Amino acid sequence: ADRSIPAAKQKYLPTSGTYPKGFLAGSAFAGVKASNTKYHDLALVMSETPCPATATFTKNIFKAAPVAISKHFLAARGSEGFRGVLVNSGCANAVTGSLGLDHATTMARETDKLFNPTASDDAVPQTLVMSTGVIGQRLPIRKITAAIPKLKENVGNTHEHWLNAAKAICTTDTFPKLLSRTFTLPSHPDTTYSIAGMTKGAGMIHPNMA
Amino acid sequence: TLLGIICTDVKIDPASMRTLLVRAVNKSFNCISIDGDTSTNDTVAFFANGAAAPEDVKPLYYSPMDERDDSGPRVRIRANSDLLALERVLTGFAQDLAKLVVRDGEGATKFVTIRVKSDTTHDNAKRAAVSIARSALVKTALYGKDANWGRILCAIGYAPGIMDSREIRLADLRLARITRQPEKEDSIKAERAVIPKRTSVSFIPADGSEELKLLVRGEPEQVDEERAKQILEMEDLEILVRLEDDGKSAEPKRVTEAVFWTCDFSHEYVTINGDYRT
């Protein structure tokens, strides 16, 4: 698809941002969808140190493999010691049976190796995984595992890095959705905190998450 | 599919992260609809690494507060002012992200806020709002710039939960008569959730100009079609539904409000999804 942003949507595209300390974002090309030959379709958002994490997930009974796997990782680690999240676009890895679960786990384990090359295959991964795109297709896992090492060079904490990650998770979206802001808390008004976030979605949207 | 990733450098206790996120998501991502289809992959992840927090700051946390009343034990949650402030920041932030998704709805030309006020329960107000947001006929009317309040009322009238609750209320009433027991308060509220003679519908223009009343306490207004067209030509629109309008606004009463965000339905949606395949 041509990903040029329509004129009417340009106003929603941030030209700068203030991003939280200690987080890195970036993207890479894996070619998950056969028709995609040029756009990045793998995104990584990660913390430089292990940190608490949580997530809300769809209540749809046919939960996709990355949903089931990420839910399991969060429970197994008690929401502690996470490094980040890897997202692929182009294939949802949904209704893909037990092989889909294996693929989602492989995504997490291969990403773990970016920050811990000696990570044991017995340990619960420190990476959450997400997938979006066509339902009912097997994930081309080899393309993804081949592209994950490229993320190491492509992550950073500039606006461009965050924007690239926000673009990489898009499917039929016409523009990347990225926001950031700063704030203070009442007990320490001199300390400035940051929050940043990205989202994607344009169709099949009626979330009911818990 | 909706995917979201939110990161902050605040220090938060891992056990409190989930409550914080769920509270924010319930007022943001769980309050949007583009096409009424709930995906198999929807996920919003939240990370907090504490990198900006001074070293002596303890992680923010919720503390459970056990309470008992006649109906049995229940747990309420207490939060300190920092956590409440963070909850407000996160909720507002998540709402802004969620609204961007609606603005990018496949083929959408309008961003629509649905605000429903009720004097029964928040659930009833939300059920009505969701039903309007899911109605293909309401959404095509919005695309066609048609102030079709009839379709809005129709969607409220069949709202799952409200309609079913009225049936349950009737069953409760019969049971109460037979057993001579008092009726359940919830079922009385369900029957009062939507009363046509207390229902009003208006369009609130995005430019801050005066609201356009379409229906007042069950009676249709003489709608200025030209004015309606002007309002519907704007990208943003708010539909205000009052289920508690008894015409005595001076009287104090408890009114709850549900807000839902949606978009219109266009030819383009069919084109995109007729082409998007395995």
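Going line by line, the protein sequences match chains A and B.
When the count follows the working numbering, it moves up by one through the first sequence with no breaks and lands on 210 for the last residue.
When the count follows the working numbering, it moves up by one through the second sequence with no breaks and lands on 1278 for the last residue.
Even glycine gets a Cβ: it sits at the ideal position worked out from N, Cα and C.
None of the values given here were measured: they were computed from a predicted structure.
Out of the options, which one is the CA nearest neighbour of residue i?
i, options, result
"K21/A", "A119/A, N116/A, T191/A", "T191/A"
"A7/A", "L1137/B, T1121/B, D1104/B, W1261/B", "D1104/B"
"R138/A", "T111/A, I148/A, H103/A, A166/A", "H103/A"
"A43/A", "S27/A, T105/A, N93/A", "S27/A"
"A209/A", "T1001/B, V1270/B, V1025/B, D1264/B", "One point to set straight first is that residue 209/A is Met, not Ala, in the sequence displayed. M209/A has its Cα closest to that of V1025/B, out of T1001/B, V1270/B, V1025/B, D1264/B."
"E1221/B", "E1238/B, D1236/B, S1202/B, I1239/B", "S1202/B"
"D1119/B", "A1193/B, E1210/B, Y1269/B, L1021/B", "A1193/B"
"K177/A", "L1237/B, L1020/B, D1096/B", "D1096/B"
"V155/A", "T56/A, T37/A, V85/A", "V85/A"
"V1089/B", "K1213/B, P1182/B, S1028/B", "S1028/B"
"L1021/B", "A1094/B, I1034/B, A1052/B, T1001/B", "A1094/B"
"A1053/B", "A147/A, H188/A, G197/A, H159/A", "H188/A"
"M107/A", "M130/A, V95/A, P117/A", "M130/A"
"W1149/B", "V1057/B, L1060/B, K1099/B, R1217/B", "R1217/B"
"G1107/B", "E1238/B, D1035/B, E1055/B", "D1035/B"
"Q10/A", "G201/A, A202/A, F175/A, Y193/A", "F175/A"
Considering only DSSP beta bridges, list what residue i is partnered with.
i, result
"L86/A", "L44/A, V129/A"
"L1237/B", "V1112/B, P1205/B"
"A1258/B", "V1116/B"
"P1064/B", "I1077/B"
"R1242/B", "K1117/B, S1200/B"
"I1005/B", "M198/A, A1045/B"
"R181/A", "I195/A"
"K1099/B", "In the DSSP output, where bridge partners are listed per residue, K1099/B has none listed."
"F62/A", "Its beta-bridge partners do not exist; DSSP assigns none."
"G156/A", "A25/A"
"F57/A", "T1043/B"
"H188/A", "L185/A"
"L1212/B", "F1203/B"
Is the Cβ-Cβ distance between residue i and residue j less than 8 Å?
i, j, result
"G81/A", "Q126/A", "yes"
"L1153/B", "L1232/B", "no"
"L185/A", "A1085/B", "yes"
"T199/A", "T171/A", "no"
"T1256/B", "A1125/B", "yes"
"A1147/B", "A1258/B", "no"
"C51/A", "G1274/B", "no"
"W230/A", "Y19/A", "The question about residue 230/A has no answer here: the residues shown for chain A are numbered 1 through 210."
"K63/A", "T1040/B", "yes"
"I1012/B", "V45/A", "no"
"V32/A", "S98/A", "no"
"F1265/B", "T1140/B", "yes"
"T182/A", "F1046/B", "no"
"A1128/B", "V1116/B", "yes"
"S180/A", "I169/A", "no"
"I1178/B", "A1098/B", "no"
"T1262/B", "V1102/B", "yes"
"G17/A", "C1007/B", "no"
"L1243/B", "I1204/B", "no"
"A147/A", "F29/A", "yes"
"G100/A", "T1001/B", "no"
Rounded to the nearest angstrom, what separates residue i and residue j at their Cα positions?
i, j, result
"M1234/B", "A1206/B", "7 Å"
"L128/A", "I1156/B", "39 Å"
"V67/A", "H206/A", "17 Å"
"E1211/B", "D173/A", "33 Å"
"D1037/B", "M204/A", "5 Å"
"Y1269/B", "L1083/B", "41 Å"
"I61/A", "G1092/B", "29 Å"
"D41/A", "I69/A", "20 Å"
"L1170/B", "I1162/B", "13 Å"
"K167/A", "V87/A", "11 Å"
"P140/A", "K113/A", "19 Å"
"A34/A", "V1130/B", "37 Å"
"R994/B", "I1114/B", "This structure does not reach residue 994/B, given that chain B is present from 1001 up to 1278, and the question cannot be answered."
"K1213/B", "K1197/B", "15 Å"
Which word fits residue i, buried or exposed, when buried means at least 16 other C-beta atoms lie within 10 angstroms of its C-beta?
i, result
"D1009/B", "buried"
"Y1158/B", "exposed"
"D1246/B", "exposed"
"I135/A", "buried"
"E1219/B", "exposed"
"K1253/B", "exposed"
"G1144/B", "exposed"
"P1014/B", "buried"
"V1075/B", "exposed"
"A76/A", "exposed"
"N116/A", "exposed"
"I1077/B", "exposed"
"D122/A", "exposed"
"T15/A", "exposed"
"S1081/B", "exposed"
"D1172/B", "buried"
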